[in-house]
Amino acid sequence: MTKLHRHRYVTALLGMSCAPAVFAGMVTINVTTHSGTAAEDTVIVLDPLDAVPPAHRDTAIIDQINKRFVPRVSVVRTGTEVTFPNSDRIRHQVYSFSPAKTFSLKLYAGSPNTAVTFDHPGLVVLGCNIHDNMLAYVAVVDSPYFAKTADSGTVSMTLPAGRYRLLAWHPNAVAAIAPREITVSAAPLNIALGIDVDRASAAAPAWPE
Amino acid sequence: MTVVTYRSAALTALLLLAGAAAGAQTLLYDRLGGAAGVAGIADTLIDRVSADPLLGRSFKDSKLERIKQLLAEQLCDLSGGPCRYTGDSMKEVHAGHHISEAEFYGMVGELRAVLKERHVNQAAANELLRRLAPMKRDVVETGQAGRP
Chain A
55 MTKLHRHRYV TALLGMSCAP AVFAGMVTIN VTTHSGTAAE DTVIVLDPLD
105 AVPPAHRDTA IIDQINKRFV PRVSVVRTGT EVTFPNSDRI RHQVYSFSPA
155 KTFSLKLYAG SPNTAVTFDH PGLVVLGCNI HDNMLAYVAV VDSPYFAKTA
205 DSGTVSMTLP AGRYRLLAWH PNAVAAIAPR EITVSAAPLN IALGIDVDRA
255 SAAAPAWPE
Chain B
16 MTVVTYRSAA LTALLLLAGA AAGAQTLLYD RLGGAAGVAG IADTLIDRVS
66 ADPLLGRSFK DSKLERIKQL LAEQLCDLSG GPCRYTGDSM KEVHAGHHIS
116 EAEFYGMVGE LRAVLKERHV NQAAANELLR RLAPMKRDVV ETGQAGRP
């Protein structure tokens, strides 16, 4: 048993001792484009409909590397403090005009990292004042159950049983992906999502509400 | 009547003298063509250097419109025009780009050519270059030659 497994086992036991009725189920979501290719970096959020998870302070990093944001797509919980290091030797000026978080940050090479707290849910689009083509997305979500699909277009999440609203978003999706309601139980759940993607388009779809 | 005429002539002469004096003190900004002049210089210069095989390197992936706008503002400020440069310091702007002396003088050469094409007279061109010259120490990366 690896350390990680043991930790999960203990957490599960503790969870059971506190709330014996709660059990976990696994949801696997596979996102493909309509042309049949895997849609990596799709943001998946499962909004619990039966319980309100406790607030949690988290941190994340969005780096500047070779005039690109890394990662290009982030999902963070509301209240997360995101640090913006600058791994380039030139300066950047990160900005967002998005209503969920409007800010501007001057990043000089070798200067201390600056953090921004994303305190409202919604989609935040980041750009750089100085460089064309620097574009990144931060999905700020209230739910603690979120992930991004891997290169295979797939993601698996283990979460408490109950009803959830499944939200999916991809930066190059042609249209917003309609949310749907799912029920998590002990039986594994497999969901296939098909989306239309235009990788040449710079206009990201709206965040599903 | 005669008195009035004489007085008016004297006044005209005085005004002409004042005008000549003002002409000699015309702002460098006006001699560069004012707002349209500095904007035109910035536009053409940035278009040329960004497309140049040697000089274009440090402009790659950059928002040229923004550079043009800030350069026009800087030229306006530097030449005594009604602007205040709002961009970063020359040191911050060029940090990490490893600008060589050859690149610096390459840009000076392009600027001279642009000023000439725009019929900015030699004295005004020299005056502008004189005001820009001190920036070299913040633009060019020195002491890097020979380093691995």
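Going line by line, the protein sequences match chains A and B.
Take the first sequence: its position 40, counted from the start at 1, is 94 in the working numbering, and no numbers get skipped.
Take the second sequence: its position 30, counted from the start at 1, is 45 in the working numbering, and no numbers get skipped.
Cβ atoms here follow ideal geometry from the backbone N, Cα and C, with glycine treated the same way.
- DSSP places GLY79(A) in the strand class (E or B) of the three-state scheme.
- Neighbours of HIS185(A) across chain B, judged by C-beta separation under 7 angstroms: ASP76, SER77 and LYS78.
- Among the residues facing chain B, TYR149(A) is not included, as its CB has no counterpart in that chain under 9 angstroms away.
- Shown here, ARG234(A) sits in a strand according to DSSP, grouped into three states.
- DSSP links GLU135(A) through a beta bridge to THR113(A) and THR171(A).
- For ILE56(B), the enclosing alpha helix (DSSP H) has its first and last residue at 49 to 66.
- Counting along the chain, ILE98(A) sits inside the beta strand (DSSP E) bounded by residues 97 to 102.
- Listed along chain A are ARG143, ILE144, ARG145, TYR162 and ALA163, each with a C-beta nearer than 8 angstroms to that of ALA110(B).
- Around the beta carbon of GLU235(A), a 10 Å sphere encloses fewer than 16 other beta carbons of the protein chains shown; the residue is thus reported as exposed.
- The beta carbon of PHE119(B) sits closer than 7 angstroms to the beta carbons of LYS151, VAL154 and VAL155 from its chain, once the five residues preceding and following it are set aside; these are given in chain order.
- Its chain contains PHE157, SER158, LEU159, LEU180, GLY181, CYS182 and ASN183 as the residues whose beta carbon lies nearer than 8 angstroms to that of TYR149(A), once the 5 sequence neighbours on both sides are disregarded; these appear in chain order.
- Under the three-state reduction of DSSP output, ARG81(B) falls in the helix class.
- Not a single CB atom of chain A sits nearer than 9 angstroms to the CB of ASP58(B).
- Rounded to the nearest whole angstrom, the C-alpha separation of ALA204(A) and ASP95(A) is 6 angstroms.
- Contact between the segment 90 to 109 of chain A and the segment 216 to 225 of chain A is present: three or more C-beta pairs spanning the two stretches fall below 8 angstroms.
- With contacts defined by Cβ atoms closer than 9 angstroms, LYS83(B) and ALA54(B) form a contacting pair.
- Your pair PHE77(A) and ALA258(A) does not check out as a contact, with CB atoms roughly 37 angstroms apart and the cut at 8 angstroms.
- An exposed status is given to VAL106(A), since fewer than 16 other beta-carbon atoms sit within 10 Å of its beta-carbon.
- A Cβ of chain A is located within less than 9 angstroms of the beta carbon of ARG81(B).
- Less than 9 angstroms separates the beta-carbon of LEU90(B) from that of ILE56(B).
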